[in-house]
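Numbering (the numbering used here), first residue to last: 239 to 544.
Put into structure tokens, the structure is as follows:
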């Protein structure tokens with residue numbers, strides 16, 4: 239479906255992409271925030287990942303509204319956010335691709351600011367994958383940590399170095415994402431976004447990180463962020479792929495890489511995988527894996543005593 243052609247801008251600079259699953263009761267807040275934008279040079283592309291609630295009814299209803307931007311709603315079988323992103327980047331019309339979840343919403347200046355930021359880097363000699371702002375729980379309270387100053391040019395692998403920690407609001411060039419698709423593993427419906435973001439970074443792409451909130455995020459019960467270890471446990475091949483990749487990026491701190499290893503080993507042992515198998519899967523020596531298992535046991539014993 240599309241918005242009212244009489245009022246829609248034909249100039250689409252940004253694809254605002256929303257993957258959604260059973261969030262019909264929440265998505266109106268995002269829709270309302272899009273209608274309040276200062277700049278309408280964007281399209282809203284929504285892929286409904288097999289919702290069984292009233293999401294489809296909501297989009298049928300807003301078809302009759304006078305919208306200042308294009309709306310495209312597609313319903314698919316449930317396959318996970320990463321498959322939805324793969325599909326979306328192929329059909330996106332925007333130069334830039336901004337993933338905005340259904341429990342997020344945008345300040346009224348967000349689209350305007352992103353376009354302004356991209357204009358600043360468009361003629362740069364630096365190899366940019368895109369731009370990013372901060373996420374916040376409000377317009378004034380950021381999620382995670384940030385740097386001092388207006389902006390920093392850094393790859394996703396350099397975020398620790400510049401204190402750019404926690405969820406951020408990355409906006410990628412669509413053509414870049416078309417070259418870096420998410421792996422789609424049969425029988426699994428989740429893989430962490432870092433698999434792609436870090437691969438883009440390892441190939442030399444930087445992001446210009448701006449120190450301004452452009453997306454408000456509410457972490458809700460049942461969302462991907464809140465699902466924790468159980469989500470990884472149901473998608474062990476994807477976790478293995480991301481762990482094997484991340485522990486070999488030297489730009490990431492030892493603490494980061496150790497944390498990734500421990501998480502995989504913990505879940506693999508819970509599934510009764512042998513040390514030999516874990517060693518082969520992670521391409522690490524058996525003594526290293528054995529030390530990780532011992533470290534996990536020590537941590538568990540300390541927790542029990544505290």
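Just so you know, even glycine gets a beta-carbon here, dropped at the ideal spot from N, CA and C.
* Alpha carbon to alpha carbon, how far is residue 473 from residue 479? -> 10 Å
* How would you call residue 275, buried or exposed, if buried means at least 16 neighbouring beta carbons within 10 angstroms? -> buried
* Asked: Taking the DSSP output, what are the residues bridged to residue 407?
  -> 371
* 8 Å CB neighbourhood of residue 550 in its chain, flanking five on each side removed -> Because the chain in this structure spans residues 239 to 544, residue 550 falls outside the shown range and cannot be described.
* Alpha carbon of residue 358 to alpha carbon of residue 514, nearest angstrom -> 51 Å
* Asked: Going along the chain, which residues of its own chain have a beta-carbon closer than 7 Å to the beta-carbon of residue 528, five neighbours each way excluded?
  -> 513
* Asked: Exposed or buried, what is residue 393 when buried is set at 16 or more other beta-carbons lying within 10 Å of its beta-carbon?
  -> buried
* Simplified DSSP assignment, three categories, for residue 464 -> At residue 464, the pLDDT of 48 sits below 50, so the modelled position is not reliable and the matter cannot be decided from this model.
* Take residue 302 and list the residues in its own chain whose beta-carbon comes closer than 7 Å to its own, dropping the five residues that flank it on each side. => none
* **Pick from 278, 299, 327 that is closest to residue 420, judged by C-alpha positions** => 327
* Spatially closest choice to residue 390 from 495, 487, 444, by CA coordinates -> 444
* In angstroms with no decimal places, state the Cα-to-Cα distance between residue 430 and residue 321. => 12 Å
* Cβ-based neighbour list, residue 418, same chain, cut-off 7 Å, excluding 5 preceding and 5 following -> 434, 437, 438
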